[in-house]
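Taking it in order: structure first as structure tokens, then the write-up.
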Amino acid sequence: RLQALVQSIPRKGWELFNYARRFEEGLKNLLVPGMLFEEQGYRYLGPIDGHNIEDLIESIDGALKLKGPVLLHILTTKGKGYTPAEENATLFHGVSAFNPNTGKFNSVSGGTTYTEVFGRAITKLGEEDKKVVAITAAMPDGTGTIQFKNRFPDRFFDVGISEGHAITFAAGLSTMGLKPICAIYSTFLQRAYDMVIHDVCLQNLPVIIAIDRGGLVGEDGPTHHGCFDIAYLRPIPNIVISAPKDEAELVALLRTAHQYNGPFAIRYPRGKGVGVEVDYNANPIKVGEGEILTEGKDIAIIAIGRMVSFALKAGEELSKEGFSATIVNARFIKPLDDELFKELAMKNNIWLTVEEGALNGGFGSGILEFLEENSLIDDITCDRMGIPDEFITHGKVSELLKIVKLTPEDIAERARMLISHKKKNSH
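Next up, the structure:
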């Protein structure tokens, strides 16, 4: 009756009722922190100091003796006991080599990372176009969107650990004329697959999906390797899927995506770029346009993303042995550059595709489908290199590339084998 009476107050009734309800819930949690869980049928224990091992063991032993569902509420401090980590939990989330006395991370020689270039590039786009907004799922530092946040805090959105919502939110913003750039690690984009299909691609909305950590990521291991994005995105209608050969091309593809009126995915790896000069005013690249970097008569090596630089090194190694290779930067996984590949089929009858992603359903599979659809499957010998049908372990990226046989030396060796096999069969 009281609820009905309050709600019946003209204009302010519902507002007063909601205030009262929130006050009641807050009072419950103030007096008994676990009241919410108790109301759901859980036995609530805590909060417990997670750094007190004796109390922790005693609480766990006690929880095991209880019947029914138990919620054990444990409080910990990230980096507890090490001041630099306690003061900068984000920086110490994923730890590489550092000086324990100072807490400073060891500097790594080489160029700028793809993530840093991405952050600068979208900030530049934001300066040029007020409709550009950036979205991340609790990873502003990891995705490089922190640069955009610092420059345009009102146009930056961190939705927390909810990748599905990030994609749906981006889709919604795009319907209102904004140009959302949603940056998500490849492995975490898997959580938003349904939203990519139904909320973005089915509606054919202009959402830019920046897929960071595409490929092998290193010590974080099988839960974090970005092996599957090419294979799971490729079958979806309307989406453009691209992968830059270097950090400069990443900027150009972002500018392409900014002008494109539909779903546009750009995947790029973790770590340093190849060290090329970056023009943040780069011209956009025509959608679906690849490029031939070198021309040769013995074999065509068709690579995507980081593997393009590896293919070029393999080509240099082959040239020292008297072989000549055509090196193709496919640049686009979808759509493929049909004209380029039709012309390539007239010049080279041995093809080798190279990708830093799952072989099953990946870029190489797309090339095989192209050959079949264009009645070229019997004319071209096509082999594929990529990540095999297994979960890849932890380790430095350089070590993992050797394990999956995706080094320049491995590419050159596979090319030699294909050329030799073709020559034997032709005699």
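For the sequence shown, this note's numbering assigns the number 2 to the initial residue and increments by one for each residue that follows. No residue lacks a Cβ here, since even glycine has one placed at the ideal position from N, Cα and C.
So is residue i buried or exposed if we call it buried at 16+ other beta carbons inside 10 Å?
i	result
M308	buried
A98	exposed
I378	exposed
H199	exposed
E40	exposed
A253	buried
N439	Absent from the model: residue 439. The displayed extent of the chain is 2 to 428, so no value can be given.
A90	exposed
N349	buried
I182	buried
P264	buried
Q260	exposed
E55	exposed
T169	buried
K180	buried
G178	exposed
G63	exposed
G69	exposed
When you compare each of the options to residue i by their alpha carbons, which one comes out closest?
i	options	result
L401	L234, G219, I231	G219
I123	Y43, D62, L251, Y233	L251
Q386	L369, N426, L72, N375	Reading the sequence as shown, one finds Met at residue 386 and not Gln. Nearest C-alpha to M386: L369.
T188	R268, E248, L174	R268
I210	H225, G323, V241	V241
T103	K131, P70, P85	P85
D213	L341, D221, T116, T295	T116
E340	G291, F38, F311, G367	G291
V176	E55, V208, R121	A quick correction: the sequence has Thr, not Val, at residue 176. Minimum Cα distance to T176 is reached at V208.
S310	K246, N284, H259, N262	K246
K132	P141, F157, T144	F157
Y233	P141, A312, G362, D155	G362
E357	I237, F229, P285	F229
K424	S376, I351, H395	I351
I388	E128, S399, I404	I404
V396	S325, F38, D221	As written in the sequence, residue 396 is Gly, which differs from the Val given in the question. If we check each option's Cα against that of G396, D221 comes out closest.
What's the gap between the Cα of residue i and the Cα of residue j?
i	j	result
G365	G216	15 Å
R192	T77	27 Å
G165	T114	26 Å
L294	T327	7 Å
M36	L65	20 Å
S163	E322	52 Å
N239	V197	11 Å
G274	E248	5 Å
Q8	V71	Confidence at Q8 is low in this model, with a pLDDT of 49, below 50, so the placement of that residue should be treated as unreliable; the coordinate-derived value is given next. Near 37 Å, if we compare the C-alpha coordinates of V71 and Q8.
R235	L337	11 Å
E410	S421	16 Å
L92	I286	35 Å
L203	A312	36 Å
So is the beta-carbon of residue i under 8 Å away from any non-hydrogen atom of the ligand COA?
i	result
F93	For the ligand COA, the structure offers nothing, since it holds no ligand at all.
Do the CB positions of residue i and residue j come within less than 9 Å of each other?
i	j	result
I381	I231	no
H226	F392	yes
T137	I185	yes
L319	A413	yes
A244	G306	yes
T257	V288	yes
V279	I302	no
L419	V355	no
I429	L353	For residue 429 there is no data in the structure shown, the boundaries of the chain being 2 and 428.
G272	G297	no
K150	A171	no
V75	G51	The sequence given here places Ile at residue 75; Val does not occur at that position. Yes.
A139	G120	no
R417	D384	no
P223	T394	yes
Check the DSSP bridge columns for residue i and list the partner residues they point to.
i	result
S243	I267, F333
Y83	DSSP, once it has assigned bridges, lists no residue as partnering Y83.
R44	V71
F119	None; F119 has no bridge partner.
L179	None, per the DSSP bridge assignment.
M386	V355
G165	Bridge partners of G165: none, in fact.
E292	N330
L76	D50
G216	G227
K273	T114
Y186	D213
I136	F158, C183
F106	F99
A304	N330, V355
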